[in-house]
Structures are given as C-alpha cells and as structure tokens.
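Accompanying notes for the structure given below.
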Amino acid sequence: MAMVQSKNLKYRKAAAHVFMWVFLAFILFPLLMVVAISFRQGNYSVGDVIPKAETSTLDHWKLALGMNVHDNVRVRGADIRFLKADDGKAIIYASDNGTDPFDPFVTAPFDLAQVKAVSPKQKLEVKATHPENAPDEADILDDEKTLELTQAVSDKVAIDVQKDDGSTERYMIEPNDKAGTSFGVYRDQVTPPPFPVMLWLWNSIKVAFITAALIICLATTSAYAFARMRFRGRSFILNSMLIFQMFPAVLALVAIYALFNRIGSYIPSLGLNSHGGLILSYLGGVALHIWTIKGYFETIDPSLEQAAAIDGATPWQAFRLILLPLSVPILAVVFILAFISTITEVPVASVLLMDMDKLTLAVGSQQYLYPQNYLWGDFAAAAVLSGLPITIVFLAAQRWLVGGLTAGGVKG
Numbered sequence: 302m303a304m305v306q307s308k309n310l311k312y313r314k315a316a317a318h319v320f321m322w323v324f325l326a327f328i329l330f331p332l333l334m335v336v337a338i339s340f341r342q343g344n345y346s347v348g349d350v351i352p353k354a355e356t357s358t359l360d361h362w363k364l365a366l367g368m369n370v371h372d373n374v375r376v377r378g379a380d381i382r383f384l385k386a387d388d389g390k391a392i393i394y395a396s397d398n399g400t401d402p403f404d405p406f407v408t409a410p411f412d413l414a415q416v417k418a419v420s421p422k423q424k425l426e427v428k429a430t431h432p433e434n435a436p437d438e439a440d441i442l443d444d445e446k447t448l449e450l451t452q453a454v455s456d457k458v459a460i461d462v463q464k465d466d467g468s469t470e471r472y473m474i475e476p477n478d479k480a481g482t483s484f485g486v487y488r489d490q491v492t493p494p495p496f497p498v499m500l501w502l503w504n505s506i507k508v509a510f511i512t513a514a515l516i517i518c519l520a521t522t523s524a525y526a527f528a529r530m531r532f533r534g535r536s537f538i539l540n541s542m543l544i545f546q547m548f549p550a551v552l553a554l555v556a557i558y559a560l561f562n563r564i565g566s567y568i569p570s571l572g573l574n575s576h577g578g579l580i581l582s583y584l585g586g587v588a589l590h591i592w593t594i595k596g597y598f599e600t601i602d603p604s605l606e607q608a609a610a611i612d613g614a615t616p617w618q619a620f621r622l623i624l625l626p627l628s629v630p631i632l633a634v635v636f637i638l639a640f641i642s643t644i645t646e647v648p649v650a651s652v653l654l655m656d657m658d659k660l661t662l663a664v665g666s667q668q669y670l671y672p673q674n675y676l677w678g679d680f681a682a683a684a685v686l687s688g689l690p691i692t693i694v695f696l697a698a699q700r701w702l703v704g705g706l707t708a709g710g711v712k713g
C-alpha cells in the first residue's frame, strides 16, 4: 500500500534542503572570496566576488608556482622614428618626443632589402647606445620608406637590448592605432617570485607526511599495549597523557625553543632550524591519537587474536596480520587528523624554523603581509595551494572516514 506524505512533511523537507544549501553557501563563501582575490589584478582585498574576464589575471598564480611575470609597461612619452644608416640598413630609433630620451636608447637595425620579411616575433639583438644628441631631421627616412617600414612592423617587434652591465632588457614596439602608423614603446618589466612558495609547500607536505606516519607507528603500538595488556601504572599513564594534552603547545614555546637549542648542539639535524627537530616536536601530540586508537582496539573481539595464538602466531604476528587490517578505518582518520594539524600548525614552526628555505607554507605565507603593504592577491594564491594536499589526502582516504569516525565510541 502506497504511503501518502502529508503536506507538512513536504514543506519541512523543502525547508531542510533550502537551509542546507544556504548553510553550504555560507561555509563556502570565504573560500570563494580567497579564490576570487587570487585572480584579481593587483594585490587588493576588495573587488568583484567573481572577477570579470577582462580584469582577471593569472599573475598571482604564476608567482606562487615560481614563474616570472612579464608585464609590458609603456615608456612615458616615447615615440618611434625611422632613421637612415650605412650599409643599406635603417634604424628604429626610440625617443622621448624631442625631450629627455629614456635610458637606454633603443636602436634596432633593419635590412632595407628584406624589410618586408620582418616577422612580428623577430628578436633583434642590439646593444644599448647613448648618443649625445637626437638625430637630425635629414636622417629621418622619407614618407615612402617610412610607410614601408611601418607596414613591416605593423603588428609587434620584440627588441632585446644588451646593457653595459651585461643584463638584457626587452622592449616591445607595438602600433597604437589601427592603421599601424603610430607606434608606442613598452618595456618588458619582469617580476620574479617574491618567495619560494613551491619549496614551502614541499616542506609542509614532507613534514606533515613524515609526522603523520610516525604518529601512526607510535600510536598503534602504544594503543595495542594499553588495550590488550595489563600492567602497573596503566591507568595513571593514560590519565596523565590525557591531562597533558589539555595544555596547548603555545604555552611551552619557550621551553621548546630552549630544549631544541640544547639538542641542536649535540645533534644538529634535530635542533633548531631543522625539519627533524620540528617533526620531533610534533610527535609530542601523540597522546590523543593513542586514546583514539585504543578505543577502537577495544571494540575488536580479543578471541580473534587468541585463535591466532592457538594456530601458532606470535603476539607481533597477531597484531600485524589481524588487528591492523581490521583497524584501517581508524588509522586513516588518525593519519588525516595528524596530517591536517601538522600542515596548518604555525606557532611551533615559526619558533623552530628560521631560514627562508626551511619554512613551511603556513609560516612562510605570513611574509606576504607586510605592515606597510599587504600582498593579498599573492597571499590568496598561496593559501589555495596550501589546501590542495589536505584535499588530496581526504579524497584518498574518504572510503574509510565514515566508519573510522564512528568506531571506537562504544566499547564492545
């Protein structure tokens, strides 16, 4: 017999769906804003929630990925003149409308016999010249030859200028009007990445992965001992670990710094400004994970291990071949929790790590926020990158999350 739902139930379901969508949008709005800021031009925190196509840019992402950003900056007041030269060559001469010419003068020779073969992408290697005086009017080519040259470079010409100090500057000569008879000069301004974001991201992943793996090894073996063995002081140790976890690591920053400063004098790889020391400090938070895994172990029937022992298995074999395969859900949860807490941790890492190439992304991202200038666009791109490892770990372990999060809550 078909069941008929009342109108009130339908309204309640519709209201629940609307509430969930609004709640989801409210939660995702900050993430949407961060992503939008990473695509805006300039380093500003205000602007359109969804950047327009004509105002969006990938510059912040290029800098975060370690790429140089090239930007054509117009040389103020610059103009183009075509001059005569010896050996049947013409010279493109960039001046500043008869006033103070910009430094360096950009001169590019063209072979008049092959002027029509000039490619828009042609690169002309020339040296910077510093003539004392602007060219005479007699040196300027006649209108017919000028028109021939302008048609040849009507799209774009890239000129690499070799400066006296050995460096190279690129100038772009581009038409300013549709006819291609009026030209402008643009200097290729190269902006290098201000910080090694990809190196920081690798440091974060390395430290978080090693820490989570070591926590799994320590927590599983310790939890097995507390769940299956009975020994003097067992309850006292468990309660002590739980009490110590109530105090945040921030309260012990001075002690942590002094401790690892002393350790570093004997073992530099575990001292200050080392990833080994940072990983060792993070292992101090293993107590909470021991409690979590212990509760899960106690839900597994000990008769499975007893049956293995009757078949001749040692305690280590029973632990490795029976208990661990049954505990994969809780191990996945503990790994994710340890990974997230480590990759997002700031106070301890900011105290123990000093060199720029040693920083994690959570600590290094603070370098974008100067008191005088907040680089919000670059910071937003780095922030989105920091969330990728966590997302990948979640997707890889999601099949075990539901069972692992609910397991161990009730002793069986």
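Add 301 to a position in the sequence shown, counting from 1, and you land on the number used in our numbering. Ideal Cβ placement from N, Cα and C applies to all residues, glycine included.
With burial defined as no fewer than 16 other Cβ atoms inside 10 Å of the residue's Cβ, what is the status of residue 318: buried or exposed?
exposed
Are residue 647 and residue 629 closer than 8 Å when you measure CB to CB?
no
Rounded C-alpha distance that separates residue 616 from residue 624:
10 Å
Identify the residues that DSSP records as bridge partners of residue 366: which are they?
BP columns for residue 366 are empty, so no partner.
What did DSSP end up calling residue 575 once you bin it into helix, strand or coil?
coil
Of the choices 368, 498, 323 and 654, whose alpha-carbon is the least far from that of residue 680?
498
Selection from 614, 558, 370 and 514 that minimises the alpha carbon distance to residue 651
558
According to DSSP, is residue 645 helix, strand or coil?
coil
Anticipated Cβ contact below 8 Å, residue 281 with residue 594, distance rounded:
Since the first and last residues shown for the chain are 302 and 713, residue 281 lies out of range.
DSSP three-state label for residue 661, please.
coil
Grouping DSSP H, G and I as helix and E and B as strand, with all else coil, what is residue 597?
helix
Pairwise C-alpha distance: residue 619 and residue 609:
6 Å
Short of 6 Å in beta carbon distance, which residues of its chain neighbour residue 572, apart from the five on each side in sequence? Order them along the chain.
561, 564, 565 and 578
Between the CA atoms of residue 332 and residue 492 - distance to the nearest angstrom:
27 Å
Residue 605 classed as buried or exposed, judged by whether at least 16 other C-beta atoms fall within 10 angstroms
exposed
Could you give the first and the last residue of the continuous alpha helix (DSSP H) run that contains residue 512?
498-529
Are three or more beta carbon pairs between the region 666-675 and the region 527-539 nearer than 8 Å?
no
DSSP three-state call for residue 349: helix, strand or coil?
coil
Tell me whether the beta-carbon of residue 508 lies closer than 8 Å to the beta-carbon of residue 358.
no
Go through its chain and collect everything with a Cβ distance to residue 511's Cβ below 7 Å, but skip five positions before and after it.
580
By DSSP's criteria, residue 341 is part of a beta bridge. Which residues make up the other side?
357
Where does residue 435 fall in DSSP's three states?
Confidence is the limiting factor: at residue 435 the pLDDT is only 47, short of 50, which leaves the residue's position unreliable and the question unanswerable from this model.
By DSSP's criteria, residue 670 is part of a beta bridge. Which residues make up the other side?
675
Does DSSP put residue 547 in a helix, a strand or coil?
coil
Just the C-alpha distance for residue 517 and residue 641, rounded to the nearest angstrom, thanks.
14 Å
Let me check understanding here. Comparing Cα to Cα, which of 539, 347 and 549 lies closest to residue 678?
347
Under the three-state DSSP convention, the category residue 586 falls into:
helix
Bounding residues of the alpha helix (DSSP H) (the contiguous stretch that carries residue 616):
616-619
Residue 658: buried (16+ other C-beta within 10 angstroms of its C-beta) or exposed?
exposed
Where does residue 697 land, buried or exposed, given buried means 16+ other C-beta within 10 angstroms?
exposed
Between the beta-carbon of residue 335 and the beta-carbon of residue 685, is there less than 8 Å?
yes
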